[in-house]
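Below: one structure, written as C-alpha cells.
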Amino acid sequence: MKALVYIGLKPGVLDPQGRAIARSLNDLGFDEVNNAFQGKVIELDLSSEDKTEAKAQVEKMCEKLLANTVIESYRIELRD
Amino acid sequence: MKALVYIGLKPGVLDPQGRAIARSLNDLGFDEVNNAFQGKVIELDLSSEDKTEAKAQVEKMCEKLLANTVIESYRIELRD
Amino acid sequence: MAKLPDITPEIVAEHGLSEDEYKIILKRLGREPNLNELGIFSVMWSEHCSYKSSRRHLGKFLTTGDRVIQGPGENAGVIDIDDGDAIIFKMESHNHPSYIEPYQGAATGVGGIMRDVFTMGARPIALMNALRFGEPTHPKTKTLVNGVVAGIGGYGNCVGVPTVGGETNFHKGYNGNILVNAMCVGLARTDNVFYSAAKGVGNPIFYVGSKTGRDGIHGATMASAEFDDESDEKRPTVQVGDPFKEKLLIEACLELMATDAIIAIQDMGAAGLTSSSIEMADKGGVGIDLDLDKVPQREEGMTPYEMMLSESQERMLMVIQPGKEQLAFDVFEKWELDVAKIGVTTDTGNLVLNHKGKVVCDIPISPLADDAPNYDRPHVKTEPRPVLTAEEIHETQDYNDALVKIIQSPDIASKRWIWEQYDRHVMTDTIDSSQSGGDAAIVRIHGTNKAVAITTDCTPRYVQADPYEGGKQCVAETWRNLSCVGADPIAITDCLNFGNPERPEIMGQFVGAIDGMNEACRAFAYPVVSGNVSLYNETNGEAIPPTPAVGGVGLIPNLDFFKTLKGAKDGDTLILIGE
Amino acid sequence: MQTAVIVFPASNCDRDAATALEKVTGKAPKMIWHRDSEIPADVDFVCIPGGFSYGDYLRSGAMASCSPIVADLVEKANKGLPVAGFCNGFQILTETGLLPGALMRNKNLKFVCRPERLVVNNANTRFTSQYEAKSIVTYPVAHHDGSYFADDATLNKLEKEGRVVFRYADNPNGSMRDIAGIVNEAGNVFGMMPHPERAVDELHGGTDGLGLFKSIIESI
Ligand SMILES: Nc1ncnc2c1ncn2[C@@H]1O[C@H](COP(=O)(O)OP(=O)(O)O)[C@@H](O)[C@H]1O
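Chains as they are written, first to last, in my numbering: chain A, 664 to 743; chain B, 664 to 743; chain C, 3 to 581; chain D, 631 to 850.
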C-alpha cells in the first residue's frame, strides 16, 4: 500500500518560499501568477494490509514526526 | 484557477531525505514503512481563464524555473 | 471593524494583568481602556518588556567604564575599540519558541539578536550561541537539538555572518525547558551609532521590512477571537523567519545609515509595533500618530489589535529626517523591501492609532513606561551547598575508566557535530573559532591588524550550588577565556535564564547570581553593557537550573600577538598557573 | 586586467571574493548588481560568489539563474568569457546549464562547514595551471546543497575529457565520484563547491586558494 502525505503551512504562517517563487515567476513574465505556496509530499511505501489501520498509523507518523502541527497541517491519501 | 505542481526526484536519483524519513519512522517503531520519498508541491494561484492555455503556461514555468529536469520530474494538476 | 468587546475581569486576566495593574491603568486614563489599549498596556507591562521582576536588581550592575559608549537601555551595548571603531553586542534568549518549534524558534532568535545590533548602525560580524538541552536520553532531546542547531545554522549561514563559538550543556533540569541564547557582535564607527529616541515633532515615521501578519500574537488573542467568526483561521502562530529578508534589511539599513536620513531607528522585536513605537516616543519625549491602514499587511482583515501585537519578523521602524523621505524610499525599494510612511511624531505625548477613519487608541505614552510595574519580589537566599573537599572524594581505582567516562559525558564530548553545521568562515575574518576548541573565538576587524575575542560561559551547576559564587564564576570564566587568547577583556552582555520569579527561592537564585556577577564585574572593572532576562522557565513547578549566561568581548590590539590552542609540539613544557 | 563579481541580493561571499581578487590582481573588481542587464565590455573575468542569491528558495541557485544579468553572462560565457562560480556560484552555473549536472542536498542532510582536502585532478586548465597535478590543496567548504549529481553518461564524459578539475579527498557531501569542481567543454567556465576565496590568508586558515586565482590571472 502507498500513502501520500501532503504537508503545507497553516494559513497565516509566513511562507517565504512561496512568496519568492511567485515573485520570480512574475519577473520571468508570468503575470498571471498571483500567489504561490510551497508544500511537501511524502510518499510512504507500506507493508500494511488494512486501510483503516494504515491510515491511523500514518496519522500517528504525521503527529510524531512528519509534520510540526504548530505551523503545518497535513492531509493523507491512501492508494493501493 | 489553481495549479498544483508536483515535483519529485527522477528514478535513480538518490533521495537522502526520503531515506532519512523512512529510517526515522522505523526507529520510532513504524516497522511497516519500507520506503519513503520526498517531493514538493507548489500551489499556484492563477488569474488565467483558459485551462489549456494555463496548463501550457505552467508547463513553461516548470521548465524554466520550478523543476530542474536534470534531477526532477513534474506533474501538473489544474483546479478551479 | 467589528465592535470591540467590553473589558471584563476575564479579559484583563487573559492579558496577564493583575487587578492592581489594571487599576493603575484606569487611574491614568481616567476611563476604561478599549481592547486595543488594553493589549498595548499588557505587552508593555509584560515581564518581557517591562522587566518588572528584575529591573531593580539589574540596576545594581556596573555599567560604565572607559570604553563604554552605550550601556544597557538601548538595543545593544556599544564599546570603543580605538581608531574610531565601535563594537556593538548583545545576547538574547529565544527559549520558549525554540521548544515549541525548534528550527524556527532558534532561527528567529538569531534574526532578532542580529536586528538589535544592526539597528544601531553595526554590521554583524560574529554570532555565538549558548544552548542547554535536557538529558540526551529524554525522548524530545534529539529532535530539539537537531532542530535548534539546524535553525541557528539555517539563519546565520544564509545571512552570511559567521557563527564562531558557543557552549552546549545537557541536564535533566532542561527536559521541559530548553535554553537557546544567541549573541551577536557587530562593528560600527563611533561617530555613526544610531539610537532609538524619536526626536522632533512632525517627523515622518517609516515602516520597513516584511509585511505584518498574525505571527506570534500570544494568549491574548483568545480575547480577540470572541469577536471574529474565523477564529480557527486566525489562530496564533509561531513566527517563521526569513533570513533572506534579514540580509536585505541589513544591507538596506546600512546603506541608508551612511546618509543623514535617519533620526531614530528601532527594530520590531517582541510586541513589534507596540514596543518599538512606544519606546522611540518615550525616549524622545514625543507623541506618535500612526495610520494603521498604511502598515504593509500580509493577511486580509487584520485588526488594529493584531497589527499592534504581531511579532512578525524582519521589520524596523524609523523616524526619518523631513525632506529625506524619497531617499529612504529609494534605498528600501532598491533592496525590494516593503516600505511605508505610517505616521508622524507629535507634541501630544500620546500614542494615537487611526484605523479606517476612526481613532482606535489614544493613550498617554509616559505612564506606559513610568508607571510600569516594578516589583520587589520576595526572595530567600539559597543556602550554599557544603563545600566538598578533595579528601572526601574516593580516589578512583581505574584512571582509564574515569577518563573515558569524562570524555563520553555529553557536556565534555566534542561539539563538532554542532559547529560543523555553522558557517564559521564567511566574511573571511575568522582567526579562531569552535573549530580549534579554543577558549574564545577571534574575529579580525576587517582590513586591520586588530581583532575582537568573544566567548560565552556559564556553569549552571555552580550557580545552583551557590548562586553568588556561581555568578562570580560565570563572569570570571569569560575574563579568563578572553585573557587566554591574548585579549584585553572589555565588557560583557548577559542572558539571565531562571524559573518563576514569584517563587522566593527562585528569586533568591536570581538576586544571588546578579550580586555575584556584579561583584566580579566590579573587581575586574568589566561592565555589563547589554543583556536580557528570561524568567518563568519551568514546567509543572520544576524550574531549570539557574543559568546566567555571560558573553564577554575583548580586544586584541595587534594580531602579531595572540595565542590559540594551535602550535603545541612534542616535548613542550606544561605549566599550571593558579591554585 | 579587470575582474568582476556579480552581487545578488543575498550573496554573502561577494566581499570575500572581491578581497581575494584584489589581493591577487592589485585592482578592485567591479561589483555588478544583479539587476544590471549587462556585464561591462572591459571585464576579463567574472566571479559568481557564494551565498544564497535570492534566499535559495525552491532550489539553490534556481532563481538567480533566471536573472537578467545571468542571461547576459551566459551569452558572454558562450563566447568565451572566463567565468568561475564558487559554492552558490557553482549551483547557479549548473542551473543555467553552462555546467552539467546538479547540486543536491548533502547526503547527511546537514549543512557542512570545514576545511576540506582536495586533489587537483587536472592541473591543465586555466583555473589550475599554478598547481602540480594530483597535488593536495585545502579549501573550506560551507554548504547545504553540495552533493554533485549527474547521470553516468555525463560523468563518464566529464572524466574522459579531463573536466573533473578537483576531487574531494574525504567526500563531505555524497558527491558522485567525489567531484568537487568541474569545467565546461570549452574550458572557460568553472564551478566548484569549496571556497578558494576563503583560502588566501594565512591568519584566516591558509593560502592554498591563491594558486587558483593566480592561474586565472595568468591565463588572461
Ligand atoms: N552551540 C555551540 N555553537 C558553536 N560552538 C560551540 C557550541 N557548543 C560548543 N561549541 C564550541 O566547541 C568548543 C568546545 O566547547 P566546550 O566543550 O564547551 O569547551 P570549553 O569547555 O573549553 O568551553 C568551543 O570552542 C566552543 O566554542
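The C-beta atom is built at its ideal place from N, Cα and C for all residues, glycine as well.
Tell me, to the nearest whole angstrom, how far the beta carbon of residue i is from that of residue j; I am working on the premise that it is less than 8 Å.
| i | j | result |
| --- | --- | --- |
| Asn851/D | Val654/D | No information on residue 851/D is available, as it lies outside the stretch 631 to 850 that chain D covers here. |
| Arg426/C | Thr165/C | 6 Å |
| Gly702/B | Gly671/B | 4 Å |
| His834/D | Ile456/C | Actually they do not touch by this definition, with Cβ atoms about 16 Å apart. |
| Gly188/C | Val346/C | At roughly 30 Å, the Cβ-Cβ gap does not stay under 8 Å, so Gly188/C and Val346/C are not in contact. |
| Gln423/C | Phe741/D | 5 Å |
| Phe172/C | Glu137/C | 6 Å |
| Cys486/C | Asp441/C | 4 Å |
| Glu695/B | Ser710/A | 5 Å |
| Gly175/C | Ser436/C | Going by Cβ atoms, the distance from Gly175/C to Ser436/C rounds to 25 Å, so no, they are not a contact pair. |
| Thr384/C | Asp468/C | 7 Å |
| Ile516/C | His59/C | 5 Å |
Is it buried or exposed for residue i, if we count other Cβ within 10 angstroms and need 16 for buried?
| i | result |
| --- | --- |
| Trp419/C | exposed |
| Arg686/B | exposed |
| Ser279/C | buried |
| Asn451/C | exposed |
| Arg738/B | exposed |
| Glu316/C | buried |
| Asn754/D | exposed |
| Gln680/A | buried |
| Leu576/C | exposed |
| Trp198/C | In the sequence as displayed, the identity of residue 198/C is Ser instead of Trp. With 16 or more Cβ atoms within 10 Å of its Cβ, Ser198/C is classed as buried. |
| Ile631/D | Note that residue 631/D corresponds to Met in the displayed sequence, not to Ile. Counting Cβ neighbours within 10 Å, Met631/D comes out exposed, since fewer than 16 surround it. |
Please report whether the beta-carbon of residue i lies at a distance below 7 Å from any beta-carbon of chain A.
| i | result |
| --- | --- |
| Asp690/B | no |
| Val163/C | no |
| Leu728/D | no |
| Glu335/C | no |
| Met693/D | yes |
| Leu785/D | no |
| Glu2/C | Chain C is shown from 3 up to 581; residue 2/C falls before or after that span and cannot be answered. |
So residue i is in the alpha helix (DSSP H); what residue range does that whole segment cover?
| i | result |
| --- | --- |
| Thr649/D | 644 to 655 |
| Pro306/C | 306 to 311 |
| Glu422/C | First-last for Glu422/C: undefined, no H or E at that position. |
| Asp782/D | 782 to 790 |
| Cys460/C | Segment: none, Cys460/C is in no alpha helix (DSSP H) and carries neither H nor E. |
| Leu390/C | Taken as a continuous stretch (DSSP letters only), Leu390/C belongs to no alpha helix (DSSP H), as it is neither H nor E. |
Less than 7 Å between CB atoms is the rule here; does residue i satisfy it with respect to chain C?
| i | result |
| --- | --- |
| Gly682/D | It should be pointed out that residue 682/D corresponds to Phe in this sequence rather than to Gly. Taking Cβ atoms only, chain C reaches closer than 7 Å to Phe682/D, which makes this a yes. |
| Ala829/D | no |
| Ile734/A | yes |
| Val742/D | yes |
| Ala647/D | no |
I'd like the span of the beta strand (DSSP E) that includes residue i, first residue to last.
| i | result |
| --- | --- |
| Gly345/C | 340 to 348 |
| Pro770/D | 766 to 773 |
| His588/C | Nothing about residue 588/C can be reported from this structure: the residues present for chain C run from 3 to 581 only. |
| Ile290/C | 289 to 293 |
| Tyr197/C | Here Tyr197/C belongs to no beta strand (DSSP E), and DSSP marks it neither H nor E. |
| Tyr798/D | 794 to 798 |
| Lys660/D | 660 to 663 |
Please check if any C-beta of chain B sits within less than 7 Å of the C-beta of residue i.
| i | result |
| --- | --- |
| Gly627/A | The requested residue 627/A is not part of the displayed model; chain A covers only 664 to 743. |
| Val696/A | yes |
| Ala671/D | no |
| Ala640/D | no |
Would residue i pass as an interface residue toward chain D - the criterion being a Cβ-Cβ separation below 7 Å?
| i | result |
| --- | --- |
| Ala683/A | yes |
| Leu667/B | no |
| Asp425/C | yes |
| Gly155/C | yes |
| Gly580/C | no |
Check your understanding: Okay, do the stretch 826 to 835 of chain D and the stretch 768 to 788 of chain D touch, 3+ Cβ pairs below 8 Å being the bar?
Key -> Pairwise C-beta distances place the stretch 826 to 835 of chain D in contact with the stretch 768 to 788 of chain D, as three or more of them are shorter than 8 Å.
Review point. Do the stretch 115 to 134 of chain C and the stretch 170 to 186 of chain C make contact, defined as three or more Cβ pairs closer than 8 Å?
Key: Two segments are said to touch when three or more pairs of C-beta atoms, one from each, lie closer than 8 Å; by this definition the stretch 115 to 134 of chain C touches the stretch 170 to 186 of chain C.
Check your understanding: Are the stretch 518 to 530 of chain C and the stretch 100 to 114 of chain C touching by the rule of at least three beta carbon pairs closer than 8 Å?
Key -> Contact between the stretch 518 to 530 of chain C and the stretch 100 to 114 of chain C is not established, with fewer than three Cβ pairs separated by less than 8 Å.
Point to revise | Three CB pairs or more closer than 8 Å across the stretch 55 to 74 of chain C and the stretch 527 to 535 of chain C | key: Counting Cβ pairs under 8 Å, three or more are found: they touch.
**Study point:** the stretch 239 to 259 of chain C in contact with the stretch 311 to 327 of chain C per 3-pair CB rule at 8 Å
**Key:** Verdict: yes, contact present.
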